[in-house]
Amino acid sequence: MTQTIIITPRLTLKPFTLDDAPGLVSLYSNPVTMQSLGGPSTRTLERTEAQIERWIQAAAAGTSLFLGIYEKTSGDLVGQTGFNDLKEQVGDIGIVVSSDHWGKGYGREAYLAVLRYGFDTLRLKSVLMGTDEKNEQMRHLAEKTLGLISRGPDPMEENSVQYNLTAENWPAVLERTARSQK
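When we follow this note's numbering, the leftmost residue of the sequence shown carries the number 92, and every step to the right adds one.
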């Protein structure tokens, strides 16, 4: 897989480097940001650097794609998104946006950009998304903004809701989101 950089009107999404490790430690140790993801992480700088190395290897192998979400104007790392697992033309998408940047629409903007990349460039047939049933922001993005319908509880994760978006439904999501921006 080549170096993936996705540019949106306000964000740059690009692969992590080891220089991003301190920012990721900060993101994952923020209790407000992580409240719906099991609480703040106790990840050390060394463990985070090792994780970034694994992400770089997975991207090179084409099995995962983890991208930092950077604010264009400041260059600050404001979150993470990407596909946790890419196999058989199916991706498992995720996102974390720092609570310092909630309410700005960055999650929506990044999510749509990654979905577009997944369907248009990677030619995925389907994208799976799961979230904690109490994560109102993510459920709103999935259900109200994207128009996704819950597939019900995730059998692999307690208190989790699962969504699926197919390549056939992707054009309708684009149309829906374009209408909502007008």
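We put the beta carbon where it would ideally sit given N, CA and C, even for glycine.
Note that the structure is predicted; figures quoted are calculated from it, not measured.
Review point. In terms of alpha-carbon separation, which member of Gly-198, Lys-216, Arg-207, Arg-199 lies closest to Glu-179?
Key: The residue you call residue 179 lines up with position 88 of the sequence shown. Measuring from the Cα of Glu-179, the nearest candidate turns out to be Lys-216.
**Study point:** Gln-148 vs Leu-158 beta-carbon contact at 8 Å
**Key:** Looking up residue 148 in the sequence shown gives position 57. Looking up residue 158 in the sequence shown gives position 67. Going by C-beta atoms, Gln-148 is not nearer than 8 Å to Leu-158.
Check your understanding: Quick one: what's Gly-159 bridged to in DSSP?
Key -> Taking the first residue of the sequence shown as 1, we reach residue 159 at position 68. In DSSP, Gly-159 forms a bridge with Lys-105, Gln-171.
Point to revise | Coarse secondary structure for Gly-194, derived from DSSP in three states | key: Locating residue 194 in the sequence shown gives position 103, counting from the first residue. Here Gly-194 sits in coil by DSSP.
Practice item. Mark Ala-152 as exposed unless 16 or more other C-beta atoms lie within 10 angstroms of its C-beta, in which case mark it buried. Key: Indexing the sequence shown from 1 puts residue 152 at position 61. That one is exposed.
Check your understanding: What residue range is occupied by the uninterrupted alpha helix (DSSP H) comprising Ile-147?
Key -> As a first step, residue 147 must be located in the sequence shown, where it is residue number 56. Residues 136-152.
Review point. In chain order, what residues of the same chain have a beta carbon less than 7 Å from the beta carbon of Gly-114, not counting five sequence neighbours either side?
Key: For this step, residue 114 is matched to residue 23 along the sequence shown. Same-chain partners within the cutoff: Leu-168.
Review point. For the putative contact between Asp-223 and Ser-189, defined by C-beta atoms under 8 Å, what is the C-beta separation to the nearest angstrom?
Key: Counting from one through the sequence shown, the residue named residue 223 turns up at place 132. Counting from one through the sequence shown, the residue named residue 189 turns up at place 98. Wrong, their Cβ atoms sit about 17 Å apart, outside the cutoff.
Review point. Residue range of the alpha helix (DSSP H) that Leu-265 falls in?
Key: As a first step, residue 265 is located in the sequence shown; it is residue number 174 there, counting from the start. Its alpha helix (DSSP H) spans residues 261-271.
Practice item. Can you grab the Cα-Cα spacing for the pair Thr-135 / Pro-106, in whole Å? Key: Along the sequence shown, read from residue 1 onward, the residue named residue 135 stands at position 44. Along the sequence shown, read from residue 1 onward, the residue named residue 106 stands at position 15. Whole-angstrom Cα-Cα distance: 20 Å.
Review point. Going by alpha carbons, who is nearest to Glu-266 out of Ser-155, Leu-118, Lys-225, Leu-237?
Key: Working through the sequence shown from its first residue, we reach residue 266 at position 175. When only C-alpha atoms are compared, the closest one is Leu-237.
Point to revise | C-beta atoms of Leu-219 and Val-181 nearer than 8 Å | key: Stepping through the sequence shown from its first residue, residue 219 is reached at position 128. Stepping through the sequence shown from its first residue, residue 181 is reached at position 90. Cβ atoms of Leu-219 and Val-181: closer than 8 Å.
Check your understanding: In angstroms, rounded to a whole number, what distance separates the CA positions of Trp-146 and Gly-185?
Key -> Taking the first residue of the sequence shown as 1, we reach residue 146 at position 55. Taking the first residue of the sequence shown as 1, we reach residue 185 at position 94. Spanning the two alpha carbons is a distance of roughly 14 Å.
**Study point:** Asp-223 beta carbon near the ligand NAP (any heavy atom closer than 7 Å)
**Key:** Of the ligands one can find in the structure shown there are none, so the ligand NAP has no counterpart to examine.
**Study point:** Beta-carbon spacing of Phe-174, Leu-203 below 8 Å
**Key:** By 1-based counting over the sequence shown, the position of residue 174 is 83. By 1-based counting over the sequence shown, the position of residue 203 is 112. Not a contact, by the Cβ cut-off of 8 Å.
Check your understanding: Once you ignore the five residues that flank Leu-239 on each side, which residues in its own chain have a CB closer than 7 Å to its CB?
Key -> Position 148 of the sequence shown, counting from 1, holds the residue named residue 239. Excluding positions up to five away in sequence, the list reads Ala-233, Tyr-254, Leu-256.
Check your understanding: How close, in whole Å, do the beta carbons of Ile-143 and Leu-104 come, if the pair is a contact with beta carbons under 8 Å?
Key -> Reading the sequence shown from its first residue, position 52 is the one you call residue 143. Reading the sequence shown from its first residue, position 13 is the one you call residue 104. Between Leu-104 and Ile-143 the Cβ distance is about 15 Å, and since that is not below 8 Å, they are no contact.
Exercise for review: Return the residue from the list Gly-196, Gln-94, Asn-226 that minimises the CA-CA distance to Ser-271.
Suggested key: For the purposes of this step, residue 271 is taken as residue 180 along the sequence shown, with counting starting at 1. Among Gly-196, Gln-94, Asn-226, the Cα nearest to that of Ser-271 is on Gly-196.
**Study point:** CA-to-CA distance, Glu-137 to Gly-209, given in whole angstroms
**Key:** The residue you call residue 209 lines up with position 118 of the sequence shown. The residue you call residue 137 lines up with position 46 of the sequence shown. Taking the straight line from one Cα to the other gives about 30 Å.
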